[in-house]
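Asker: What follows is a single structure, and I will ask about it in a moment.
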Amino acid sequence: MEKFILKNKNGRPVFIQQKGNLTKPTVRLTPTTFQWIKMLSSMADTDMGDIVEQCVAYAISNMAALDENEEVQ
0 MEKFILKNKN GRPVFIQQKG NLTKPTVRLT PTTFQWIKML SSMADTDMGD
50 IVEQCVAYAI SNMAALDENE EVQ
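Take the sequence shown: its position 61, counting from 1, is numbered 60 in numbering that gives the first Met the number 0, and each next residue is one higher.
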């Protein structure tokens with residue numbers, strides 16, 4: 000499986016930088032994504048936050064490590 004690369008709206012790779020207070024960050028979701036997470040939360044009988052954490056953990060574990068000077072095509 001190809002590694003996931005986080006990209007911005009212009010298709011450029013985003014380099015993860017942790018700034019600020021990360022104890023209770025706000026997560027903004029599109030309505031469709033919210034419905035998917037709500038459905039998964041109901042099916043698994045767990046909090047929506049747990050589903051989001053699992054999804055993010057999966058994405059990060061499958062993300063390609065990029066050098067910020069490296070050009071991605």
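Note that CB positions come from ideal geometry on N, CA and C, so glycine has one too. It should be emphasised that the depicted structure is a prediction, and the values quoted were computed from it without experimental measurement.
State the Cα-Cα distance for the pair S40 and V26, rounded to the nearest angstrom.
Answerer: Between S40 and V26, the C-alpha separation is close to 16 Å.
Asker: Distance, Cα to Cα, T29 vs I36?
Answerer: Their Cα atoms are separated by approximately 11 Å.
Asker: Where DSSP assigns a beta bridge to P12, which residues make up the other side?
Answerer: In DSSP, P12 forms a bridge with K6.
Asker: If contacts are defined as beta-carbon pairs under 8 Å, then A43 and I50 qualify, I think. What distance do you get, rounded to the angstrom?
Answerer: Right, their Cβ atoms sit about 7 Å apart.
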